[in-house]
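Residue numbers (our numbering): 732 to 1037.
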């Protein structure tokens, strides 16, 4: 079984195949039982609404048997190593979808026994979210080459995954506008340059001045990733200029601009109701693509022929 741990493990061709497959699945109301006879474990150490449910729905709609584990359900909590846990689980499961919120190296430790592992969020990257995002944009616009995306807000795991996904999508451009001190790590940009073999199509700044031009889509994310508090007690003041409002959407967007949000949203903080519930918002369609992109990832890991 293949694993999907990081977008850095993928190629341009694979990202395109996964997103095209996701859009194809989104257009269908019936699904081939491509995972019949397979078993998928879903292990989440942290809370989740969309990612956990979307992978459960994806696996079952493709015919797999699913078992779910909460944060205290595996013997990891009593000291068993990830390697030993995986060695046992590989007797029962084909794939393990895992959200640890920890380091990626920890997740890699589950792969040694031949168990396919899908990263459903580590501390620094959310690869399946980026695939859902690109699928949403591909459905809306067709080809992604020539399209411009503006990400506004915290440089979190979602934003990092978007940087890597952009580097793997030729002709697609991403601008990030983040508060000072809350941007993307230089290591992520270095990885993006390696993936792209040069210019990854990404720039980061801390204000809206000097943006190259108007954009096709504006994206924001929750300012407190997973609800984790920030060290600065006055952090909200630093983020307020980055709220996505109807006025901002008009200022930076081309005619027909769309809005994306990975959800959950804290209404009135990173986005106004006017935008989230407005005609430009694809946030709810984006949530639906969490499932279809999960389906494409599971099929890819199981080496299903499309």
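Note that the Cβ used here is the ideal one computed from N, Cα and C, for glycine as well.
Note that the coordinates shown come from a computational prediction; the quantities given were computed from them, not determined experimentally.
Own chain partners of residue i with C-beta closer than 7 Å, once the 5 adjacent residues on each side are dropped
i: residue 789; result: 1022, 1025, 1026, 1029
i: residue 928; result: none
i: residue 733; result: 847, 1031, 1032, 1034
i: residue 823; result: 770
i: residue 998; result: 1004, 1007
i: residue 838; result: 736, 829, 831, 848, 850, 853
i: residue 834; result: 853, 854
i: residue 821; result: 844, 845, 846
Continuous alpha helix (DSSP H) stretch holding residue i: start and end
i: residue 939; result: Element bounds for residue 939: n/a, residue is neither H nor E.
i: residue 977; result: 977–983
i: residue 742; result: Run containing residue 742: none; DSSP gives neither H nor E here.
i: residue 815; result: 813–820
i: residue 1045; result: The chain is shown only over 732 to 1037; residue 1045 falls outside these bounds and no answer can be derived.
i: residue 729; result: Outside the displayed span of the chain (732 to 1037) sits residue 729, for which this structure offers no information.
i: residue 894; result: 888–898
i: residue 791; result: 781–792
Integer-rounded CB distance, given that residue j should sit under 8 Å from residue i
i: residue 1020; j: residue 758; result: Actually they are not in contact, since the Cβ atoms of residue 1020 and residue 758 sit about 11 Å apart, beyond 8 Å.
i: residue 889; j: residue 865; result: That belief does not hold up - the Cβ atoms of residue 889 and residue 865 are roughly 12 Å apart, past 8 Å.
i: residue 832; j: residue 735; result: Residue 832 to residue 735, Cβ: 17 Å. No contact.
i: residue 869; j: residue 750; result: 5 Å
i: residue 902; j: residue 862; result: No, residue 902 and residue 862 are not in contact; Cβ-Cβ is about 18 Å, not under 8 Å.
Burial state of residue i (16 or more Cβ within 10 Å)
i: residue 887; result: buried
i: residue 892; result: buried
i: residue 1018; result: buried
i: residue 962; result: exposed
i: residue 896; result: buried
i: residue 858; result: buried
i: residue 860; result: buried
Contacting residues, own chain, Cβ-Cβ under 6 Å from residue i (five flanking each side not counted)
i: residue 746; result: 899
i: residue 879; result: 904, 946, 947
i: residue 872; result: 878
i: residue 956; result: 887
i: residue 782; result: 851
Bounding residues of the beta strand (DSSP E) (the contiguous stretch that carries residue i)
i: residue 948; result: 946–951
i: residue 970; result: Here residue 970 belongs to no beta strand (DSSP E); instead the alpha helix (DSSP H) covers 966–970.
i: residue 904; result: 904–908
i: residue 881; result: 879–883
i: residue 1056; result: Past the boundaries of the shown model lies residue 1056; the chain is included only from 732 to 1037, so the question cannot be answered.
i: residue 800; result: 796–800
Close Cβ partners of residue i (< 8 Å) along its chain, the five nearest in sequence each way excluded
i: residue 702; result: Residue numbering for the chain in the displayed model covers 732 to 1037; residue 702 lies beyond these limits and cannot be assessed.
i: residue 983; result: 881, 939, 942, 945, 946, 949
i: residue 805; result: 774, 811, 816
i: residue 920; result: 894, 931, 933, 935
i: residue 988; result: 945, 946, 947, 948, 949, 980, 1011
i: residue 801; result: 775
i: residue 723; result: Residue 723 cannot be examined here, being either before or after the span of the chain that is shown, 732 to 1037.
Heavy atom of the ligand MN within 8 Å of residue i beta-carbon
i: residue 934; result: This structure lacks the ligand MN; in fact it carries no ligand of any kind.
For the stretch 830–866, which segments carrying the beta strand (DSSP E) assignment without a break, of at least 3 residues, lie completely within its bounds, in sequence order? 847–850
In the stretch 982–1026, which residue ranges form an unbroken alpha helix (DSSP H) of at least 4 residues, counting only runs that do not cross its ends? 1004–1007
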